[in-house]
Each structure stands twice: as C-alpha cells, then as structure tokens.
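Heads up: the structure comes next, in structure tokens.
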Amino acid sequence: MTPTDHQTSQTTDQTTLQTLLASIRPADAAAMTSARERQAQLTKPAGALGLLEDLSVRLAGVFGTDRPHPRGVAVIVAAGDHGVVAEGVSAYPPEVTAAMVAGFTASTPSGMGGAAVNVIARTVGAKVYVADVGVNAELPTHPALENLKVRMGTRNLRLERAMTADETLQAILAGSDLAGRAIAEGADLLVPGEMGIGNTTPASAVTARMLGASVASVTGRGTGVDDATLARKRQVISAALDRDASHAGDPLGVMADLGGLEIAFMLGVMLRAASERRAIVLDGFVEGSAALVGVALAPELRDYLFPAGQCAETGHAAQLAHLGLTPMFDLGLRLGEGTGGVLAAPMLLSAAATLREMQTFAEASVPDRE
Ligand SMILES: O=C(O)c1ccc[n+]([C@@H]2O[C@H](COP(=O)([O-])O)[C@@H](O)[C@H]2O)c1
Ligand SMILES: Cc1cc2nc[nH]c2cc1C
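Heads up, the sequence shown is in our numbering, so the first residue is 275 and it goes up one at a time.
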C-alpha cells in the first residue's frame, strides 16, 4: 500500500464506523408499552416473574415486537495480548493467551473446545466463534479460528499509547464484521467474550478514565494477583492515566490509549449487534469496559445491553451502576471468555418466551385479582 492508499483506507474505515454508529436506533418504545400491557395480563400474580418481566419488556424494545422470539445464541471470543504484562500485572504468564486459544478450538471427546466457554456453550446450545485479534504469537491455522490479527499484542500502556487510532479502528471493524456474520448465521443474542492475559489492567484503566473513578475503586485481582502485584498494578494504571492525554469526551482516544485489541474488537461486536437490533449479553468486567466506551460513542447502545452476572472483579458494580443496568445473577464469576453471558442466554430466551407464549387470564379463564 502506498501512503495515499493507506490514508484512503483509513478514511473509508472512519466512514464505516460513523455509519455504524449512526445506524444504532433507540429501543422501540411502542413495542415496550405493548409488552408491559401484555405482561399485566399473563397468568401469574402481578410482578411474580421478577426481573424476567423487565427483561422481556427490554427484549420487546430490541426486537420491535411484544412477541419477541430470539433464537440463536453466539459467543464471539476475541483474543489479544498486552504489552503491559511486562510490568508484572497478572498472576499468569502471557503464553497462556495463545494456549487458551488453542484450547478453544481443540478437539475433545465432547466436541470442539475444552475451555469453560466451550463447555457451557455446548450445554446451552450456543455457537462459539473464536478470533485472534492480537495474540502475540503466530497461531497455527484452524478452520474454526478467525485470523483477524491487527498486531502482535498492544504496546505497554504504562509507557505509551497501547494502540494507534488506526489499529483501534481496525479491531473495532473486525469485531463488527464477525458479529455481522454471526447474525447472518442466525444469532439473535450475541455474547462478546475475551481471552488475554493482562487485560484487566487496560479494562481498569479505561473504566477509571470513562467513569472518572479512582484507580483503587476499579482495579481488582484479575486472575488472582497477590497484594504486592495488586499494588503494582494500581501504580501502573495510575502512571498510564498520568501519562495519557485522552479524556472521556474522546472515547475512541481512550480506547486507543488505554485499551486493548480484543476490547476494541468487542466494542465492534456490540455496535454491530445493536445496529442490527440484536441483544447483547454482557459478561464481566473486561466486556463492561468496552461497553462504557460504546455507550459514550452511541448512547442508544445501552438499550441493547443485558448484563449477565454481577462479576466478582472490583469495579464491575461501578460499570453497571453507570450503565443503569441490573445483572441477572451473582455467581461470583471472574473468568471472562464470555462464560457469564452464555450462562445468562437461556434466562433471556425464557424471558422472551414467557412474554410471547404464556396465556392471558382471559385466554385461560383464570380469575384475575379482585
Ligand atoms: O471479564 C472479567 O470479569 C474477568 C475478570 C478477571 C479475569 N478475567 C480473565 O483473566 C484474564 C485477565 O486477568 P489478568 O489478571 O491477567 O489481568 C483474561 O484472560 C480475562 O478473560 C476476566
Ligand atoms: C487458565 C486461564 C483461562 C482463562 N480464561 C480466561 N482468562 C483466563 C486466564 C487463565 C489464566
């Protein structure tokens, strides 16, 4: 590519992103009103399905009908490495990222993949997509592994911007493209997932910046770091925030400065899912950091987000409070990979099914309350 060709493709990518952002519409208010009215007539004491009732109404808003019928569930697991691991911020070595990616596509007696996300996805009938967005190794080709590598890991965000604007954009658009394919292949519920040793450090840095929160309040133990490592991790994040000139009013700048390739990719998955009016099931803290950037870019994205569980990572509750969304359960999960999101999918499918298929008091000839 000549420098001019490169500039042209960057401009085209910018336009693609702007078009994507502009295509995200708010949830359908009329469908939600109609869904609320229908909920009130279903054969159960008022409010007895608890959070499922709110979820069903939100799903009506996403799918534009008071009889929402989401079917396919897809988890898209994006993998990337992080230059900041050189600072000693994780409990595990960076080589785990590539090894786990191999695990996501490994042949096992039970089917493809031996990681938690594969097993849970098989259990609930979700399809698994795996993407290498920035693993710091040449991975062997595999039919089920999407080679979407933007670069071999990010730069060390303590010292410099993690990604260029162009790299960030490429990762976002790669996520959008793969989500588009998953939707074309039948996905109505999309679960962005991730694997990347060190990635709770960029997730905390992005969260601190986007929320204006203190580093300590949004930085936890990730894979389970000890006290000394946690203290170092917080210092590294503070140094990155001091170094970097990005501000919450420039969400893409924050993502480039402090984020990660798989985090930017998940942002692209979310934007595309919302633009095609599909529900996004949010897993944990790393996914939440991508969502914060997403709602800053396109506030309507919030209408499409369904947080799965309250995750055990420090700062996750602050992310959800900012988004104004309630998680469906609290299982103490802190794994990532999209596991919580896949676990939550049957709850969302059930929420939609109750709204769609339950009989009303009149249909079932059940006496309503006095
Ligand atoms: O998303 C979460 O809630 C989450 C919380 C803790 C750990 N993780 C996973 O653990 C890895 C990052 O942890 P760390 O300590 O290496 O930064 C990465 O592979 C994530 O998928 C993920
Ligand atoms: C083994 C392992 C598996 C993971 N899956 C997501 N993050 C992870 C981190 C580690 C260390």
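Where is the CB? At the ideal position from N, CA and C, for every residue including glycine.
If you're wondering where the values come from, they're calculated on a predicted model, not measured in any experiment.
Distance from the Cα of A591 is smallest, within the candidate group P573, L571, E561, for E561. Taking 4 residues as the minimum length, the alpha helix (DSSP H) runs contained wholly in the stretch 292-355 are 303-313, 325-337, in order along the chain.
DSSP places K401 in the uninterrupted beta strand (DSSP E) bounded by 401-408. The DSSP assignment places 461-469 as complete runs of the beta strand (DSSP E) inside the stretch 440-469, in order along the chain (cut-off: 3 residues). Residue nearest to D302 within the set V336, F635, E441 is V336 (criterion: CA-CA distance).
Under a 10 Å Cβ-count criterion, N410 is classified as buried, with 16 or more other Cβ atoms of the shown protein chains found around its own Cβ. The residue from L609, E420, V349, A461 with its alpha-carbon nearest to that of G470 is L609.
For ligand 2, no non-hydrogen atom lies closer than 6 Å to the CB of T371. Looking at the DSSP output, F580 shares a beta bridge with V555. Contact annotation: A352 and V402 have beta-carbon atoms that are not nearer than 7 Å. By the Cβ test, the stretch 327-342 is in contact with the stretch 619-632, since at least three Cβ pairs between them sit closer than 8 Å. Between V489 and S520, the CB-CB gap reaches or exceeds 7 Å. Taking C-beta separations shorter than 7 Å and ignoring five residues to either side along the sequence, the partners of R576 in its chain run V569, L597, following chain order. When C-alpha distances from R312 are compared across E631, E644, R643, P641, the shortest belongs to E631.
In the DSSP assignment, S381 forms a beta bridge with M386.
E420 has A405 as its beta-bridge partners, per DSSP. If you check the CB distance, D355 and G399 do not come in under 7 Å.
Pairing H280 with T286, the inter-Cα distance amounts to about 10 Å. A distance criterion of 6 Å places the beta-carbon of E361 beyond contact range of ligand 1, judged by its closest non-hydrogen atom.
Here the alpha carbon of M275 sits roughly 19 Å from the alpha carbon of T442.
Proximity of the beta carbon of T493 to ligand 1 is not indicated: no heavy atom of the ligand is located closer than 6 Å.
For R630, the enclosing alpha helix (DSSP H) covers residues 613-631.
DSSP, read as helix, strand or coil, puts T497 in coil. The Cβ-Cβ distance between D557 and A582 falls below 7 Å.
Not one heavy atom of ligand 2 sits closer than 6 Å to the Cβ of M540. Taking a C-beta distance under 7 Å as the contact criterion, V555 and A595 do not qualify as a contact pair.
In this structure, M602 has its beta carbon at no less than 6 Å from each heavy atom of ligand 2.
Cβ-Cβ separation between N421 and E361: approximately 28 Å, too far for a contact (criterion under 8 Å). When P466, G606, G589 are compared, the shortest CA-CA separation from V616 is found for P466.
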